[in-house]
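Chemist: Protein chains in written order, with numbering that gives the first Met the number 0: chain B, 0 to 369; chain A, 0 to 190; chain H, 0 to 226. All C-beta atoms, glycine included, are put in the ideal place defined by N, C-alpha and C.
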Amino acid sequence: MKFPLKSAPHIQGKTKNSNILATVLKAALFVAVWSIFNRFFVFGIETALHIVFMIIAACAAGTAAHVIFYYLGTLKNNDFNFSKFTQKFTTGETVVTGLILALAMQSTSHLYAVVIVTLFAEIMGKLIFGGYGQNIFNPIAVGLVFNALAFGGTTLTVGALPDIVSAATPLAWLNSQNWIINPYTANNFILSSGGVLSMFLGTIPAFVGAGAIGETSRLALVLALCYMCYKKAADWTTPVIYVGVVFIIAAVYGFFIGAGFWYPVIHILTGGVIFGAVFLASDSVTIPFNRQGKAIFAILLAMFTMLIRFNTSHVEGVAFSIILMNMMVPFIDSKTLNITSKKIGAKVASVAITFAVALIFVVGFTILFS
Amino acid sequence: MEYLSLFIGATLVTNIILASFLGICPVIGVSKKVSSALGMGGAVIFVTVVSSAATWLIYHLLLVGLGLEFMRTIVFILIVASLVQFVEMFMKKFTPALYKVLGVFLPLMATNCAIIGAALINIDRDFTFTSTIVHAFGVSIGFTLVIFIFSTIRERLETSNTPEGFKGVPIALVVVTIMAMGFFGFVGLGS
Amino acid sequence: MSNQVSPTETVNVPTTKYNYKALLTDGILKENPVFKYMLALCPALAITSNTFNSFGLGIITLIVLVTTNTAISIIGRFVPNEIRIPIYITVIAVAVTIMEMLTHAFMPALFSALGLFIALVVSNCLVLGRAEAFASKNSVVASFCDGLGNGLGFLFAMIVLGFFRELLGTGAIDFDGIFGFRLFPQEYAIPLFIQPMGAFATLGVIVGITASVSILKNHKKTQKKGA
Numbered sequence: 000m001k002f003p004l005k006s007a008p009h010i011q012g013k014t015k016n017s018n019i020l021a022t023v024l025k026a027a028l029f030v031a032v033w034s035i036f037n038r039f040f041v042f043g044i045e046t047a048l049h050i051v052f053m054i055i056a057a058c059a060a061g062t063a064a065h066v067i068f069y070y071l072g073t074l075k076n077n078d079f080n081f082s083k084f085t086q087k088f089t090t091g092e093t094v095v096t097g098l099i100l101a102l103a104m105q106s107t108s109h110l111y112a113v114v115i116v117t118l119f120a121e122i123m124g125k126l127i128f129g130g131y132g133q134n135i136f137n138p139i140a141v142g143l144v145f146n147a148l149a150f151g152g153t154t155l156t157v158g159a160l161p162d163i164v165s166a167a168t169p170l171a172w173l174n175s176q177n178w179i180i181n182p183y184t185a186n187n188f189i190l191s192s193g194g195v196l197s198m199f200l201g202t203i204p205a206f207v208g209a210g211a212i213g214e215t216s217r218l219a220l221v222l223a224l225c226y227m228c229y230k231k232a233a234d235w236t237t238p239v240i241y242v243g244v245v246f247i248i249a250a251v252y253g254f255f256i257g258a259g260f261w262y263p264v265i266h267i268l269t270g271g272v273i274f275g276a277v278f279l280a281s282d283s284v285t286i287p288f289n290r291q292g293k294a295i296f297a298i299l300l301a302m303f304t305m306l307i308r309f310n311t312s313h314v315e316g317v318a319f320s321i322i323l324m325n326m327m328v329p330f331i332d333s334k335t336l337n338i339t340s341k342k343i344g345a346k347v348a349s350v351a352i353t354f355a356v357a358l359i360f361v362v363g364f365t366i367l368f369s
Numbered sequence: 000m001e002y003l004s005l006f007i008g009a010t011l012v013t014n015i016i017l018a019s020f021l022g023i024c025p026v027i028g029v030s031k032k033v034s035s036a037l038g039m040g041g042a043v044i045f046v047t048v049v050s051s052a053a054t055w056l057i058y059h060l061l062l063v064g065l066g067l068e069f070m071r072t073i074v075f076i077l078i079v080a081s082l083v084q085f086v087e088m089f090m091k092k093f094t095p096a097l098y099k100v101l102g103v104f105l106p107l108m109a110t111n112c113a114i115i116g117a118a119l120i121n122i123d124r125d126f127t128f129t130s131t132i133v134h135a136f137g138v139s140i141g142f143t144l145v146i147f148i149f150s151t152i153r154e155r156l157e158t159s160n161t162p163e164g165f166k167g168v169p170i171a172l173v174v175v176t177i178m179a180m181g182f183f184g185f186v187g188l189g190s
Numbered sequence: 000m001s002n003q004v005s006p007t008e009t010v011n012v013p014t015t016k017y018n019y020k021a022l023l024t025d026g027i028l029k030e031n032p033v034f035k036y037m038l039a040l041c042p043a044l045a046i047t048s049n050t051f052n053s054f055g056l057g058i059i060t061l062i063v064l065v066t067t068n069t070a071i072s073i074i075g076r077f078v079p080n081e082i083r084i085p086i087y088i089t090v091i092a093v094a095v096t097i098m099e100m101l102t103h104a105f106m107p108a109l110f111s112a113l114g115l116f117i118a119l120v121v122s123n124c125l126v127l128g129r130a131e132a133f134a135s136k137n138s139v140v141a142s143f144c145d146g147l148g149n150g151l152g153f154l155f156a157m158i159v160l161g162f163f164r165e166l167l168g169t170g171a172i173d174f175d176g177i178f179g180f181r182l183f184p185q186e187y188a189i190p191l192f193i194q195p196m197g198a199f200a201t202l203g204v205i206v207g208i209t210a211s212v213s214i215l216k217n218h219k220k221t222q223k224k225g226a
């Protein structure tokens with residue numbers, strides 16, 4: 000198997016690592032500020048403040064991890080270089096993971112959980128592999144999965160914040176979140192198609208409490224993605240195809256169970272799909288190198304997301320799918336990088352076949368086992 | 000239908016390596032190159048299925064009848080060991096390149112906890128003969144899947160600058176950790 | 000690991016002089032079979048979810064290792080080369096079955112906790128590896144010491160892993176009620192460490208740290224020599 004012996008991140012274009020980091024950081028900050036203000040207006044100052052503390056805690060934990068690792072790395076040759084050390088802070092490398100991770104967690108998370116999750120994500124997901132660009136797995140996804148596994152059933156939550164919404168009123172929640180924010184929402188469709196009861200048909204997992212902080216406004220996320228693509232810090236292929244295929248799979252399954260147009264729309268709007276698309280699936284380090292690879296990656300990612308969402312009780316289908324697909328990236332790369340650009344037909348065919356297989360598999364499997 | 004559930008359970012949900020830890024030695028040892036990983040996987044599929052079938056038959060037809068259930072450990076490991084010996088001779092003659100690549104890990108397959116673990120699980124969980132075959136296939140295909148993916152990741156890791164102390168096995172274990180976490184997403188699938 | 004000999008390779012040991020002290024003590028820290036040579040990983044990962052189980056299986060493996068090493072060093076010279084592996088495996092299997100029955104009789108709680116992992120000692124690469132690489136070629140006393148040394152190393156590794164996993168996973172150590180302590184409240188514990196993934200992570204980190212420490216030591220040594 001031949002791999003391109005360039006160092007990660009593998010992006011097409013001449014963007015430098017530091018520029019990518021800066022852009023992603025700005026995009027994440029944009030989403031963070033928007034989410035904080037949004038939640039402040041809807042739920043009050045307590046929630047907003049807690050979110051701010053979570054972000055600060057996560058960034059501090061991330062920075063601490065980086066500092067410790069840098070120090071340990073200098074033990075061998077005693078070459079502790081203070082300017083290099085401060086340079087790490089200016090690139091934003093130390094806070095990016097923490098910030099996005101905090102945004103991906105729920106606002107009821109205890110600060111202790113945030114810190115431990117960030118430490119695990121940074122150390123086991125990035126630093127132990129050698130730092131930025133060397134990791135196989137997306138550290139944010141690693142953190143999220145760790146969070147689900149370690150603190151999933153925990154009693155360690157910050158209790159009576161008004162964010163906790165009971166599963167019985169998802170419509171009210173959607174209303175309060177969506178209508179101020181996302182113009183192209185399915186809100187109208189939901190209202191006109193019978194509301195709450197019809198949303199419990201099929202296999203939508205229960206709307207979990209508050210949802211991810213960063214997911215508060217889909218519009219903000221989409222704007223962030225546009226900015227990142229414009230600045231060439233991310234490629235539009237993976238996010239767009241991912242959301243698109245999720246939509247199609249949900250639509251086909253919705254067709255089978257007789258649900259309306261709102262069904263696939265709900266699926267892309269909940270469960271962290273758009274957040275995952277914008278911040279997790281666009282991370283150039285952990286996704287395939289060329290467009291064909293990215294397309295296949297996105298399709299299979301959607302397949303796993305829907306498979307897990309429909310057939311298991313996991314809510315974090317997106318994070319698990321990212322990890323599963325990150326595993327396959329070296330394999331995908333090795334298969335897609337050897338085809339020369341002349342064989343466009345073969346490339347398109349492979350993507351189309353992947354799409355067909357994924358669609359049939361998920362829908363078939365779910366129907367078989369429901 | 001339940002066979003499909005059983006198969007999915009054995010391959011993905013309770014993957015023999017990631018969930019039950021059995022068979023981790025060859026995963027860490029043989030997985031540096033994709034070709035050797037696939038070769039090992041193929042051998043494991045063959046040995047697991049045949050030995051699961053053989054051990055089940057011998058246990059239910061012979062040992063139980065003679066009241067010698069406690070002898071199962073000895074009998075099973077001998078069956079597995081002889082099968083491995085047979086595979087070794089076969090490979091030496093017909094696929095010498097692969098034989099060389101797998102090296103010392105081929106006879107060590109006799110100590111592969113996955114193979115004998117699968118055989119013991121078949122008995123412990125009181126499977127029927129068909130269930131045993133399905134389970135054995137599931138286990139060994141799950142094993143091959145993991146070792147294959149793992150080898151592709153390791154080939155990629157060769158070119159990254161992991162901290163020196165972590166190169167090789169420790170980083171491989173971290174990768175396995177994260178893989179196991181990913182596979183945890185399959186819990187509940189197929190039931 | 001270029002100049003290290005893995006315990007599964009054959010060792011050319013001079014026939015008369017053995018460093019018994021080295022045989023006994025090297026296996027614990029310097030040449031720990033689990034942390035340095037990655038042997039016997041299956042039990043090291045599966046059983047170490049609490050300290051008591053780790054200790055139990057460690058002791059069982061130690062006893063098996065010592066007995067089989069001694070036995071195989073006695074019969075080693077009489078066994079034809081072609082069938083030596085099945086013979087060794089039989090000896091190991093007999094020892095394991097005996098331990099299985101003894102544990103079942105005298106410590107039933109441990110027996111049900113360890114499940115089929117007592118039986119799986121028969122496929123423990125360390126036991127077969129030591130038998131093949133050392134015991135079959137060396138004197139009885141040396142093989143006994145070698146078995147004891149490696150067994151103690153294995154036991155040490157099991158205890159360390161069990162200790163960390165239980166501590167991080169439950170916040171306390173509970174050695175079957177005999178003794179124990181609580182470090183921090185249960186809510187702050189990370190139950191992940193009791194599960195498989197926690198095992199891989201703990202082992203990976205410990206192995207990485209031991210390797211890093213030894214690299215650092217070697218580096219300092221060569222620096223001193225060069226300076």
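Can you round the beta-carbon distance between R40/H and I88/H to whole angstroms, since I take them to be within the 8 Å contact cut?
Modeler: Residue identity differs from the one stated: residue 40/H is Leu in this sequence, not Arg. That belief does not hold up - the Cβ atoms of L40/H and I88/H are roughly 19 Å apart, past 8 Å.
Chemist: By DSSP, does K133/H sit in helix, in strand, or in coil?
Modeler: The sequence shown places Phe at residue 133/H, not Lys. F133/H falls in the coil class under three-state DSSP.
Chemist: Confirm the yes/no value for this check: CB of T24/H, any heavy atom of the ligand PLP, distance under 8 Å.
Modeler: You won't find the ligand PLP in this model; it holds no ligand whatsoever.
Chemist: Verify whether the separation of the beta carbon atoms of L64/H and G146/H is less than 9 Å.
Modeler: Yes, the Cβ-Cβ distance between L64/H and G146/H is below 9 Å.
Chemist: Go through the region 38-71 of chain A residue by residue and report every complete run of the beta strand (DSSP E) that reaches 3 residues or more, in order.
Modeler: For the region 38-71 of chain A, not a single whole beta strand (DSSP E) run of length 3 or above is found.
Chemist: Quick one: does F81/B have its CB under 9 Å from some CB of chain A?
Modeler: It does not: the Cβ of F81/B has no partner Cβ on chain A nearer than 9 Å.
Chemist: Residues in the same chain with beta-carbon distance under 6 Å from L173/B, minus the five sequence neighbours each way, listed in chain order, please.
Modeler: Residue confidence is low: L173/B scores 38 on pLDDT, short of 50, so the model does not pin down where it sits. Its coordinate-derived value is still stated next. So the list is empty, once near-sequence residues are dropped.
Chemist: Tell me, which residues are paired with Q105/B by DSSP?
Modeler: Its beta-bridge partners are A211/B.
Chemist: Check the DSSP bridge columns for D173/H and list the partner residues they point to.
Modeler: In DSSP, D173/H forms a bridge with G179/H.
Chemist: Just verifying my parser: in three-state terms, what is the DSSP assignment at W235/B?
Modeler: It is coil, neither helix nor strand.
Chemist: To the nearest angstrom, how far is the alpha carbon of F128/B from that of A156/H?
Modeler: Those two C-alpha atoms are separated by around 25 Å.
Chemist: Kindly indicate the opening and closing residues of the alpha helix (DSSP H) around R83/H.
Modeler: Run containing R83/H: R83 to F105, per the alpha helix (DSSP H) assignment.
Chemist: If distances are taken between C-alpha atoms only, which option among R308/B, I286/B, A47/B and Q291/B comes closest to L102/B?
Modeler: Of R308/B, I286/B, A47/B and Q291/B, the residue nearest in Cα terms is A47/B.
Chemist: List, in order along the chain, the chain H residues whose C-beta lies closer than 8 Å to that of A149/B?
Modeler: Result: I189, P190 and L191.
Chemist: What's the call for D123/A, buried or exposed, on a 16-neighbour Cβ count within 10 Å?
Modeler: Answer is exposed; the Cβ neighbour count stays below 16.
Chemist: Compute the beta-carbon to beta-carbon distance between G181/A and F319/B, rounded to the nearest angstrom, for a pair I have assumed lies under 8 Å.
Modeler: About 6 Å separates the two Cβ atoms, so the contact holds.
Chemist: With a 10 Å radius around its C-beta and 16 neighbouring C-beta atoms as the bar for buried, classify I343/B as buried or exposed.
Modeler: Exposed, since its Cβ has fewer than 16 Cβ neighbours within 10 Å.
Chemist: Taking G91/B and L24/B to be in contact with their CB atoms under 8 Å, please state how far apart those CB atoms are, rounded to whole angstroms.
Modeler: Contact flag correct, Cβ pair sits at about 4 Å.
Chemist: Taking only three categories from DSSP, how would you classify A18/A?
Modeler: Coil.
Chemist: Nearest-angstrom Cα distance between A108/H and I172/H?
Modeler: One C-alpha to the other measures close to 18 Å.
Chemist: Can you find a C-beta in chain A that's less than 9 Å from the C-beta of V207/B?
Modeler: Only weak support exists for where V207/B lies, its pLDDT of 29 falling under 50; the value from the coordinates is given anyway. It does not; no Cβ of chain A falls within 9 Å.
Chemist: Whose CA, out of C124/H, T96/H and E131/H, lies closest to the CA of L115/H?
Modeler: Nearest option by C-alpha distance: T96/H.
Chemist: Can you name the start and end residues of the alpha helix (DSSP H) that K346/B belongs to?
Modeler: Element bounds for K346/B: I343 to F368.
Chemist: Given a limit of 7 Å on CB to CB distance, which residues of the region 33-61 of chain H reach chain A?
Modeler: For the region 33-61 of chain H, which is checked against every Cβ of chain A, the residues closer than 7 Å are M37, L40, C41, L44 and A45.
Chemist: At what residue ranges does the region 70-95 of chain A contain a whole run of the alpha helix (DSSP H), taking only runs of 4 or more?
Modeler: Listed in chain order, the complete alpha helix (DSSP H) runs (minimum 4 residues) inside the region 70-95 of chain A are 71-93.
Chemist: Would Y229/B pass as a contact of A280/B if the rule is Cβ separation under 9 Å?
Modeler: It is not a contact, given that the beta carbons lie outside the stated cut-off.
Chemist: Starting from the N-terminal side, write out each stretch of the alpha helix (DSSP H) that is 4 residues or longer and does not extend beyond the region 90-160 of chain A.
Modeler: 95-101, 112-123 and 128-156, all fully within the region 90-160 of chain A.
Chemist: Could you give the distance in angstroms between the alpha-carbon of G40/A and the alpha-carbon of G207/H?
Modeler: So the alpha carbons of these two residues sit roughly 27 Å apart.
Chemist: Quick check on L74/B: does DSSP put it in helix, strand or coil?
Modeler: Coil.
Chemist: Check whether the region 136-145 of chain A and the region 3-10 of chain A are in contact - that is, three or more C-beta pairs closer than 8 Å.
Modeler: The region 136-145 of chain A, when compared against the region 3-10 of chain A, does touch it at the 8 Å Cβ threshold.
Chemist: For the alpha helix (DSSP H) that contains K87/B, what are its first and last residues?
Modeler: Segment F81 to T90, the alpha helix (DSSP H) holding K87/B.
Chemist: Note down the Cα distance separating R71/A from Y98/A, rounded to an integer number of angstroms.
Modeler: Near 30 Å, if we compare the C-alpha coordinates of Y98/A and R71/A.
Chemist: Is there contact here, the region 159-166 of chain H with the region 75-84 of chain H, by at least three beta-carbon pairs under 8 Å?
Modeler: In short, these stretches do not touch, since the Cβ pair count stays below three.
Chemist: Quick one: is F165/A near chain H, going by C-beta distance under 9 Å?
Modeler: Taking Cβ atoms only, chain H reaches closer than 9 Å to F165/A, which makes this a yes.
Chemist: For the region 107-125 of chain A, which residues have a beta carbon sitting closer than 9 Å to at least one beta carbon of chain H?
Modeler: Within the region 107-125 of chain A, the qualifying residues are L107, A109, T110, N111, C112, A113, I114, I115, G116, L119, I120 and D123.
Chemist: Measure the C-alpha to C-alpha separation of Y252/B and G292/B and round it to an integer number of angstroms.
Modeler: Distance between the alpha carbons of Y252/B and G292/B: 26 Å.
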